[in-house]
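> Line order of the protein sequences matches chains B and Z.
One point on numbering: in numbering that gives the first Met the number 0, the residue at position 28 of the first sequence is 27, and numbering is uninterrupted.
One point on numbering: in numbering that gives the first Met the number 0, the residue at position 145 of the second sequence is 144, and numbering is uninterrupted.
Beta carbons: idealized from backbone N, C-alpha and C, even for Gly.
Below is one structure. I have some questions about it.
Number of protein chains: 2
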Amino acid sequence: MRVAIIGYGNVARAFARLLEKKKSVYPFRVVAAHTLRHGTAYDVKGLPVEPQFGPPAASVGEFLDRAQAEVVVELTTLNPETGEPALSHIRAAFARGLHVITSNKGPVACAYADLKEEARRRGLEFRHEAVTMDGTPVFNLVRNNLPGVTIVGFAGVLNSTTKVILGAMSRGLSLHEGIAEARRLGVAEADPWFDIEGWDSACKAAALANVLMDARTTPQAVDRKGIGRLTPEKLADAESKGKTIALVSRAHRTASGVKLRVRAEVLDKDDILSSVRGTSNLLVLETDLMGRLGVFTLEPGLEQTAYGVFSDLIDIARSV
Amino acid sequence: MRVAIIGYGNVARAFARLLEKKKSVYPFRVVAAHTLRHGTAYDVKGLPVEPQFGPPAASVGEFLDRAQAEVVVELTTLNPETGEPALSHIRAAFARGLHVITSNKGPVACAYADLKEEARRRGLEFRHEAVTMDGTPVFNLVRNNLPGVTIVGFAGVLNSTTKVILGAMSRGLSLHEGIAEARRLGVAEADPWFDIEGWDSACKAAALANVLMDARTTPQAVDRKGIGRLTPEKLADAESKGKTIALVSRAHRTASGVKLRVRAEVLDKDDILSSVRGTSNLLVLETDLMGRLGVFTLEPGLEQTAYGVFSDLIDIARSV
């Protein structure tokens, strides 16, 4: 399959390296890449991992018109309040009859039902496995492996930055020292307050709820409090009682719809949500037929996110 | 699809109830059931959850010849050393052109490569999702959702009885009091030494390694030690150091093949393997492209095992 990539940062490079490594088994090739910063590159015979970028296409539409791709991989930076610019990129791709994969939680958190409906109407695939837990199967797990099961709720520790910061604070460091540690580890986003105030966790909760529970919600609708008011003293107090504090994204189905909440919760050490630290993340699904089950990833990196995109691509190649 | 069930105990009843509950969406029906104890029942229009058993068929072959089924669900009791009688039942079904689902770890642990090859040769499906972690997707997870990934090892806490016993012993109770507690909870098998000596964990390790790593091994080949020599003092000592003890099944790929080991391991509290208690179980997969990821089930019961069989049935219906 011929792939066009929008947004050519670290995940895109890891993805391109993975395609290169697996090309003898999976005949995918990147035929076009577009970034605001570096410009645009085209080669229907396949671009190298580090393309020679020419001048940028005037618009994403122009880029896609020229790209000769079958699948668009959308990897731009997120605006969580609007889902833009990813949302427009995805719509531009659908309008041209192209399947879409994104690692961008914005569109899934803000406009999933519309995007899914538009893809369905046009007979296209829309995939997003890497959105919440790097490449660990969550959406594909439920879709492929839990037929007939209704997801009635979930609870997840899905944000690395706050886990690193809370870990630092439980060792007596301040919030700001914790932020510095998260930056050193390379997990904090450019603006760490996006994580600290719980926006990232709210986006992931909304994305999960939209896809797994047909919640038709947005990050703004999540009842959200971050970790900004926690102190090292509060964390030490929890530790002394044999407990731990983590920023938890929760959903449960009520008569009036799906309720979503993001909170720093005091967890028993026996609670499986307390069992992942640092960049690892974990999700518990509550179901009707299968009780409670879950998935986790231990210390994922860019390679896993890239794999999530890759697995979506294989899935699309199989289903079309 | 028309289903014949061999072995009609609690899992079979839970499975039959689930089929009944979901029959408007999934048109499966049980057309025959066979047990040594209760006898045999046939009705091509569909048996009720509690069939009226007539005299037993003279053999499983005779039962299958008369059953008019398309899929055989094998739910008999395990002999872990030989995989019998399940193994013969599965071969009898294949010989008659019938797909097979089993919740029985014996055949998968003892003879997986042969069974898979026989099914492939005859164009039949052989499924076994419920074998290691009740209904939680493990085999289907890897097959459906981790394309291109090689499993290079795994570590799992997969045996409920020993978790309950070790939990009791860490509270100061003896091994025998722990066994009594596991019996009260209904998790211990008829012979608890099958669990205590690590046979159950070895069977599950062999089953996982055979399917996920093409190990072509057996439970006998697992380097196995049980929990029989552990004392409440050893558990208290681990607890006092902030550690926990669990019976762990491990596999890793070496130059000379897949090595499997079952041991009571002293785990750090930070180790995710230490985070499930009682009947819950957890598996960490080590992979080439996706780092370390895993799945868990919290306090599963018969319903989950029944769901595992049900999900296999749906998967077969979709793929044939």
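Three or more C-beta pairs under 8 Å: does that hold for the segment 56-69 of chain Z against the segment 22-42 of chain Z?
Yes, they touch.
> Taking just the CA atoms, how far does Z/A235 sit from Z/G171?
The alpha-carbon atoms of Z/G171 and Z/A235 are separated by roughly 7 Å.
> Using 8 Å as the threshold, is the segment 102-116 of chain B in touch with the segment 197-210 of chain B, meaning 3 or more CB pairs across them?
The segment 102-116 of chain B, when compared against the segment 197-210 of chain B, does touch it at the 8 Å Cβ threshold.
> Report all residues from its chain with a CB closer than 6 Å to the CB of B/A181; omit the five preceding and five following residues, and keep chain order.
These residues qualify, in order along the chain: T160, V163, I164, A187.
> Interface residues of chain Z around B/T135 at Cβ under 8 Å?
Those are M289, L292, listed as they occur along chain Z.
> For the beta strand (DSSP E) containing Z/V71, name the first residue and the last one.
First-last of the beta strand (DSSP E) with Z/V71: 70-73.
> Kindly list, in the order they appear in chain Z, the residues whose Cβ is closer than 9 Å to that of B/R303.
With the sequence shown as reference, residue 303 of chain B is identified as Gln, and Arg is not the correct amino acid for it. What B/Q303 touches in chain Z: L288, M289, G290, L292.
> Counting contacts by CB-CB distance shorter than 7 Å, is Z/N144 in contact with chain B?
Chain B contact via Cβ: present.
> If you compare alpha carbons, which of Z/E232, Z/G152, Z/I244 is closest to Z/T286?
Considering only alpha carbons, the answer is Z/G152.
> Please report how far the alpha carbon of B/F125 lies from the alpha carbon of B/Q303, in whole angstroms.
Straight-line Cα distance between these residues: approximately 19 Å.
> Select from B/L74, B/A94, B/E298 the residue whose C-alpha is nearest the C-alpha of B/A85.
Checking every option, the nearest Cα to that of B/A85 belongs to B/L74.
> Smallest Cα separation from B/T296: which of Z/E298, Z/L297, Z/G293?
Per the Cα distances, Z/G293.
> For chain B, check one thing: does any of its Cβ atoms lie closer than 7 Å to the Cβ of Z/T296?
Yes, Z/T296 lies at the interface with chain B (some Cβ there is under 7 Å from its Cβ).
> Would you mind sorting Z/K44 into buried or exposed? The rule is 16 or more other CB atoms within 10 Å of its CB.
Under this definition Z/K44 is an exposed residue.
> Which first and last residues belong to the beta strand (DSSP E) in which B/D267 is found?
Element bounds for B/D267: 256-267.
> By the DSSP assignment, the alpha helix (DSSP H) with B/D122 in it spans what residues?
Rather than Asp, the amino acid found at residue 122 of chain B in this sequence is Gly. No alpha helix (DSSP H) holds B/G122; DSSP gives it neither H nor E.
> So which residues of chain B does Z/I271 contact, with C-beta pairs closer than 9 Å?
Within chain B, the residues near Z/I271 are I271, S274, V275, S279, L281, F295, L297.
> Could you tell me the alpha carbon to alpha carbon distance between B/F27 and B/A68, rounded to whole angstroms?
Using only the alpha carbons, I get a separation of about 11 Å.
> Does Z/N158 get closer than 7 Å to chain B when you measure Cβ to Cβ?
Z/N158 does not count as touching chain B.
> Quick check on B/H33: buried or exposed, where buried means 16 or more other Cβ atoms within 10 Å of its Cβ?
Per the 10 Å Cβ criterion, buried.
> Can you have a look at Z/V24 and say buried or exposed, based on whether 16 or more other CB atoms are within 10 angstroms of its CB?
The residue in question, Z/V24, is exposed, as its Cβ has fewer than 16 Cβ neighbours within 10 Å.
> Please identify the residue among B/L17, B/G227, B/F52, B/L284 whose C-alpha is closest to the C-alpha of B/G6.
Looking at the Cα atoms, B/F52 is the closest of the given residues.
> Would you identify the three-state DSSP class for B/A32, choosing helix, strand or coil?
Three-state DSSP puts B/A32 in a strand.
> Let me know the secondary structure DSSP gives Z/S173 once reduced to three states.
Z/S173 falls in the coil class under three-state DSSP.
> For Z/A108, collect the residues of the same chain with a Cβ closer than 6 Å to its Cβ; drop the 5 residues on either side in sequence, then sort them by chain order.
C202, A205, A206, P218.
> By how many angstroms is the C-alpha of B/S274 removed from the C-alpha of Z/P274?
In the sequence on display, residue 274 of chain Z carries Ser and not Pro. Approximately 6 Å, taken between the alpha carbons.
> Check Z/L297 in the structure and name its three-state DSSP category.
Here Z/L297 sits in strand by DSSP.
> For Z/S248 versus Z/G177, is the C-beta distance shorter than 7 Å?
In this structure, Z/G177 does not lie closer than 7 Å to Z/S248 by Cβ.
> Are the CB atoms of B/V308 and B/F93 within a distance shorter than 7 Å?
Cβ distance not < 7 Å, so B/F93 and B/V308 don't count as in contact.
> Please check if any C-beta of chain B sits within less than 7 Å of the C-beta of Z/I100.
Chain B, which has no Cβ nearer than 7 Å to the Cβ of Z/I100, makes this no.
> Taking Cβ positions, are B/A110 and B/G82 nearer each other than 7 Å?
Yes, they are a contact pair.
> Less than 7 Å between CB atoms is the rule here; does Z/N139 satisfy it with respect to chain B?
Cβ-Cβ to chain B under 7 Å: yes for Z/N139.
> Is DSSP giving B/A154 helix, strand or coil here?
Here B/A154 sits in strand by DSSP.
> In its own chain, which residues sit with a C-beta less than 7 Å from the C-beta of B/V10, not counting the 5 before and 5 after it?
Around B/V10: L74, S102, L301, T304, A305.
> What residues of chain B sit near Z/D315, judged by a beta carbon separation below 8 Å?
In the sequence as displayed, the identity of residue 315 of chain Z is Ile instead of Asp. Chain B residues near Z/I315: none, gap ~11 Å exceeds 8 Å.
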